[in-house]
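A.B. asks: One structure, pasted below without further comment.
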Amino acid sequence: MQTNMNLLKGKIREHGLTQGDVAERIGMDSSTFSRKVSAAGLKFTVGEMHAIAAVLSLTNDECRDIFLPENSQ
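Start counting the sequence shown at 76; every next residue gets the next number (our numbering).
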């Protein structure tokens, strides 16, 4: 499952947060979060996706666009 990293990074910035802020709020080590966002082959779990969506107040459409981009379907 691919993730639209650019859209995710944009949403993080829109909320005035850093990747480290989001990582802390979802209970993840910031280096792990950074590796997952950098697309180094690590994927977010469904639980992590839900937690990120809650932190960033993502709509269902935004979640789909970020975590299930069309090119991966």
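Ideal placement from N, C-alpha and C gives every residue a C-beta, glycine not left out.
Within 10 angstroms of its Cβ, does L117 collect 16 or more other Cβ (buried), or is it exposed?
C.D. replies: Position 42 of the sequence shown holds residue 117. The residue is exposed, with fewer than 16 neighbouring Cβ atoms inside 10 Å.
A.B. asks: Just verifying my parser: in three-state terms, what is the DSSP assignment at D96?
C.D. replies: Position 21 of the sequence shown holds residue 96. Three-state result, D96: helix.
A.B. asks: What would DSSP say about S105, mapped onto helix, strand or coil?
C.D. replies: Along the sequence shown, one-based indexing puts residue 105 at 30. The answer is helix: DSSP assigns S105 an H, G or I state.
A.B. asks: Given this structure, state the Cα-to-Cα distance separating V130 from V97, to the nearest angstrom.
C.D. replies: The count along the sequence shown starts at 1 and reaches residue 130 at position 55. The count along the sequence shown starts at 1 and reaches residue 97 at position 22. V130 and V97: Cα-Cα distance of roughly 7 Å.
A.B. asks: Would K86 pass as a contact of L133 if the rule is Cβ separation under 8 Å?
C.D. replies: Here residue 86 refers to the residue found at position 11 when the sequence shown is read from its first residue. Here residue 133 refers to the residue found at position 58 when the sequence shown is read from its first residue. Yes, they are a contact pair.
A.B. asks: With distances taken Cα to Cα, identify the nearest neighbour of R100 among E89, I127, E137 and F119.
C.D. replies: Locating residue 100 in the sequence shown gives position 25, where the first residue counts as 1. Of the candidates E89, I127, E137 and F119, the one whose C-alpha sits nearest the C-alpha of R100 is I127.
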